[in-house]
Amino acid sequence: MKSTVIGFPRIGLHRELKFATESFFKGESGAEQLLEQARKLRIAHWQLQEQSGLDLIPVGDFSLYDNVLDTVLLLGLVPERYKALNLNDLGTYFAMARGYQGQAGDVKALSMKKWFDTNYHYIVPELEDGMQVTLHADNLLSQLEEATGAVKAALRVDLIGPFTFLKLAHCTGTKKAADFSAALADAYAQLLSKLQGKAAWISFDEPALVTDLTPADLSLLHSLYIAILPAKGNLKVLCQTYFGDIRDSYAEVALKLPFDGVGLDFVAGRRSFELIERDPLPKDKVLFAGLVNGRNIWRNRYENTLNTLRRLSSLSSEVVLSSSCSLLHVPLSLSEESKFGAEIKKHFAFACEKLTELNELKTLAAAADPGAVAAFRDNTALFTGERFTPNTQVAQKLAQVSAADFHRTPARVERQKLQKAEFKLPPLPTTTIGSFPQTALVRKERADFKHGRLNQEQYEQALRSHITDCIRLQEDIGLDVLVHGEFERNDMVEYFGEKLDGYLFSQNGWVQSYGTRCVKPPLIWGDIARVRPLSVEWSVFAQSQTKKIVKGMLTGPVTMLNWSFPREDISLKDSTMQLALAIREEVLDLEAHGIRIIQIDEAALREKLPLRQEDWHSEYLDWAIPAFRFVSSGVKSTTQIHTHMCYSEFNNIIKDIDDMDADVITFEASRSDLTVVDALKAAHFETEVGPGVYDIHSPRIPSVEEIVAVLKRILAKLPMEKVWVNPDCGLKTRGNQETEPSLRHLVAAARQVREGL
Ligand code: GLN
Ligand code: ZN
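Mind the numbering: the sequence shown is residues 16 to 772 in this note's numbering, read in order.
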């Protein structure tokens, strides 16, 4: 049996690629240095994969910024406005990635979207009516040459497949994606000819096949590959899928089209096994079996994997053992995690350790008696012993939860009346989303505290002084509902994770989120429990500084889960309920300490919405929404619960969002052109809403007139008593210089509109 991976992290153990790229952006180093760093990383990673025993090594999975953007260049699909800048290839590439402002012109970046249900963002290709597809394979061919020189193992060229590319592309003119299919197929066919004799395999990544497909999609898929595959010559061609199963296209991909290999995800693909069992692959096709999870950091359970492998081998003529998706979604190596003891570390596998797992599994699959091999016995032991002491108190509390705990009383319409009487806020109340600018000073103080240069008392004193200033500023601006500013938080998940029992934090567990941006998701290790207050002292202090109402500010359970590496020994639902219990206790504690409005952010709720609509409820919303309700259902009817989401594409889950039973929701709206407001109206949305009236992602200061205009558009659709006025997200990434005038304009606009009512 052979082994491979779908792709490898490229950022480097010490984020070398990030720093080299950022230094290039700042003009501190030249293109040569950046390209040299990139080359070094590629070579090191290929050699690492070879030394770890991989038989088939991917080439083309590397990228300076994003693979979809690389594909745009490969196919010569650069939009006119970037071509017009007349920059060199690298300049054009980064202009599309991040925008360009300089002598050659002023152009914004292409837009960015989440890559399926991950936290990786790809650049959205644009297809313009007049575009010609032209192949530019030099870069890819030179990487292939590099790899040929660097390793002896067989090579596989990995490309974003044409179907997925067209599904993700945005058409700017009158043409549809399918109108580009013939030209695209032609370019891919030319590429196959160029690769003859240079690689063993070529892989088309087609994750779009795990989403719901229409008959038109299937015919697009068919027409693309029927045109491309005749050019394959001596190359073997793999159709690689991941993030789910390919139930709609299995017959086409696995049985009809002349691929030499089919890659299926047996981790996220619930029906992958069933598909292959019912209709095994034809004898001449190789099954690439994604069995080592590319999206989580836990050790693979060899016993289960070997069982599946055995069954798959009996159904197929050849099986190649693989990762379930690219390893891009996990950190590179455990080697830097000096703070985790051996007892903890042995349970984790980052990308490098996954290579070792693949190699061990390959050996074990060939062994007559795997049980006699130490690697197998050690692995089995990981799953039989008790990893941590279960928290029986948490289990008991959750066992006592009853149906009533998921429902707030009285009904929301009643609560809204009571709350209006309680708070006596003006119509169109103004507020913010929570954080205020994290200035250089705030960040320096946190770093000083972390490194012992400030003691606890000094640090807390500094925080109190920021809070007081922030309250004074908000009073002066004239906002109605104030916030404490979140100066104590580095990150909305990490801050709470650090205070809760059950979380672990890696030192170097970076995962690429987009371009040079990396995140370090915390790890849910054990039972989550609230063993101390999380935010009470800061909210209480802030409230003591003003007669106005200060909102308490928490991160919701679903967002906590979605931005962490979750446990695999209990369900996501059970983990979420543990988080929900902890946050519920905090909500009640805040209320007991006189906090009358509490915001529970669910910034990432939509992120893990299943890729197939039939799974939306049963696999996700049916527990995610109740978990939120459980957090907030214990408060008095006059305590107002807010939530916040960093997007407004909830048109198709609008009922579910309303079912969270919050009293108020604020969300991003400026970029989506307020179309969500129509959807809210159509759905008879009950929750009061604060569609963001300006975009905080830009340093631009919105004028009073602009905000008035936005408010008028909102009020044309929604009743005034349901509308709040706020920016569209937290202000932590902004500077004070734009924040203060923007908020003054916001308040002035709200007052102006109120007077007109
Ligand atoms: N309350 C958080 C803040 O204001 C919300 C952040 C977010 O939506 N991502 O920063
Ligand atoms: Zn937000």
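C-beta: ideal position from N, C-alpha, C; glycine also.
Backbone CA spacing between residue i and residue j [nearest angstrom]
i: W540; j: K361; result: 13 Å
i: T36; j: Y80; result: 9 Å
i: K651; j: L596; result: 17 Å
i: G400; j: I668; result: 41 Å
i: E51; j: L347; result: 20 Å
i: V416; j: D85; result: 51 Å
i: E509; j: S196; result: 44 Å
i: D671; j: W525; result: 33 Å
i: G117; j: L102; result: 11 Å
i: F645; j: H422; result: 7 Å
i: S44; j: L515; result: 42 Å
i: L206; j: A152; result: 7 Å
i: T561; j: H499; result: 11 Å
i: G493; j: E622; result: 35 Å
i: E513; j: I610; result: 23 Å
i: V304; j: N134; result: The question names Val, but residue 304 in the sequence shown is Ala. About 24 Å.
i: L788; j: I21; result: Any property of residue 788 remains undetermined from this structure, which presents the chain solely from 16 to 772.
i: I640; j: G571; result: 11 Å
i: K369; j: L549; result: 35 Å
i: A642; j: V409; result: 15 Å
i: A223; j: Q211; result: 27 Å
i: D584; j: L49; result: 42 Å
The ligand ZN heavy atom lying under 8 Å from the CB of residue i
i: E683; result: yes
i: G745; result: yes
i: I610; result: no
i: C661; result: yes
i: D506; result: no
i: I448; result: yes
i: A202; result: no
Among the options, the one whose alpha carbon lies nearest that of residue i
i: L569; options: D516, V650, R644, T658; result: T658
i: F391; options: K459, V428, E318; result: E318
i: D280; options: L290, L272, I359; result: L290
i: R96; options: T187, K129, M16; result: T187
i: R262; options: E629, G75, V307; result: E629
i: T424; options: V704, R171, G649; result: G649
i: W578; options: A642, F511, T561, I640; result: F511
i: I613; options: T447, L235, G75, R532; result: T447
i: K55; options: D506, L28, F40; result: L28
i: R532; options: D201, A112, A642, I72; result: A112
i: V334; options: G309, R326, C340; result: R326
i: R458; options: I217, S38, A477, V139; result: A477
i: I711; options: P756, I680, V692; result: P756
i: D104; options: A381, A414, S332, A46; result: A46
i: F438; options: M675, K271, R749, K566; result: K566
Sequence-distant residues of its chain with Cβ nearer than 6 Å to residue i (five each side left out)
i: A204; result: I243, A246
i: P625; result: W631, E634, Y635
i: E141; result: P94, H185, T187
i: V74; result: Q158, L159, A162, L170, V172
i: Q5; result: For the chain, the structure presents residues 16 to 772; residue 5 sits outside this window and is missing.
For residue i: DSSP bridge partner residues
i: P706; result: F682
i: S338; result: V307
i: C14; result: Since the displayed the chain opens at 16 and closes at 772, residue 14 lies outside it and no answer follows.
i: Y635; result: DSSP output for Y635 lists no bridge partner at all.
i: F363; result: W313
i: D220; result: I175, Q255
Cutoff 8 Å; reference residue i; Cβ partners in own chain excluding five residues on either side
i: L100; result: G106, T107, A110, Y115, A119, G120, V122
i: S590; result: I539, I543, L576, P581, R582
i: L603; result: G649, V650
Cβ-heavy atom distance, residue i to the ligand GLN, below 8 Å
i: I492; result: no
i: D710; result: no
i: M575; result: no
i: M146; result: no
i: A618; result: yes
Cut-off 7 Å between Cβ atoms - residues of its own chain near residue i, not counting five sequence neighbours on either side
i: E221; result: G176, F178, T179, C254, Q255, T256
i: E683; result: C661, Y662, S663, G707, D743, C744
i: I722; result: V708, Y709, H760, L761, A764
i: Q62; result: A165, V166
i: T371; result: S67
i: K213; result: L159
CB contact below 9 Å: residue i versus chain D
i: L440; result: Checking the listed chains, one finds no chain D in this structure; it contains a single protein chain.
Near the ligand GDP: residue i beta-carbon under 8 Å from a heavy atom
i: Q489; result: Annotation note on the ligand GDP: not contained in the displayed structure, which lists the ligand GLN and the ligand ZN as its ligands.
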